[in-house]
Amino acid sequence: MKNMLNFSPKELTAKEKKKFLIGSVIPRPIALVSTKSNSGIVNIAPFSYFNIVTFNPPMLSVAVLRVDGESKDTARNILENKEAVVQVVDTSNVEAANAASAPLGPTESELDVSSFTTVESQTIKVPGVNETKVRFETELYDSLVIYNEEDIPTTDVLFLKVKHYHIDESIYQNGYIDPEKLSAVSRLAGSDYAEIGKLFSLERPTK
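The numbering of the sequence shown is my numbering, which starts it at 670 and goes up by one.
Below you can see the structure in the form of structure tokens.
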């Protein structure tokens, strides 16, 4: 039997609880989410609390941590306007995505601090990011607020239904995405990221 260290959440600081999760649940895909405020400001921000919910209907989830109980620009814009474009961060745009994580105010746009440019969407008013190989135009399907033990809201969980797909032709092959050409980047802990490494296959059991 392995020697395992045991911890109760009650024994851990908030930092320790976070570090155990983000250091263990790896690699995490990174969503680059573009939204638009009521005043027309385009917000672009990366999030690694991100994944697929289901393909039928096609749906993604993004969890946006709050600051002092208040929703961040991305979550607030989505909750107010019900739209977002979700892009995949890859090796060609990760530095710009990191620049877009700067703590800007609601009247500032990440377009001013990154090299990103925008492209008009087909089904929603929010623009996409030109410098990405995959874009999902989405609408808000549902949302959930997470509270901590002190009953303080800490996270907005957003369920986003895909309305339109944009796939760069360089990574598309016979209905599939080439993972090596996509070259998606994943988030680890701290300041660390990872690229796609060794690929291997396992046949799924049929019984």
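Using N, Cα and C, we set each Cβ at its ideal position, and we do this for glycine too.
- Counting only runs of at least 3 residues, the stretch 680 to 731 fully encloses the following beta strand (DSSP E) elements, listed from N- to C-terminal order: 700 to 705, 711 to 716, 719 to 724.
- Restricting attention to beta strand (DSSP E) runs no shorter than 3 residues, the stretch 801 to 828 encloses them at 803 to 816, ordered along the chain.
- Under the DSSP assignment, alanine 765 falls in the alpha helix (DSSP H) whose first and last residues are 763 to 768.
- Per DSSP, reduced to three states, the secondary structure at serine 870 is coil, with no helix or strand assignment.
- By the criterion of at least three beta-carbon pairs nearer than 8 Å, the stretch 680 to 688 is not in contact with the stretch 786 to 795.
- Counting C-beta pairs with one atom in each stretch, the stretch 811 to 823 and the stretch 769 to 776 have fewer than three that are closer than 8 Å, which means they do not touch.
- For histidine 833 against glutamate 789, the beta-carbon gap comes to about 12 Å, at or over 8 Å, which does not count as contact.
- Proline 727 has its alpha-carbon roughly 24 Å from the corresponding atom of isoleucine 865.
- With a contact defined as Cβ atoms closer than 8 Å, serine 855 and arginine 697 qualify at about 6 Å.
- Exposure of phenylalanine 676 is indicated by the presence of fewer than 16 other C-beta atoms within 10 angstroms of its C-beta.
- Just so you know, the alpha carbons of lysine 705 and valine 763 end up roughly 21 Å apart.
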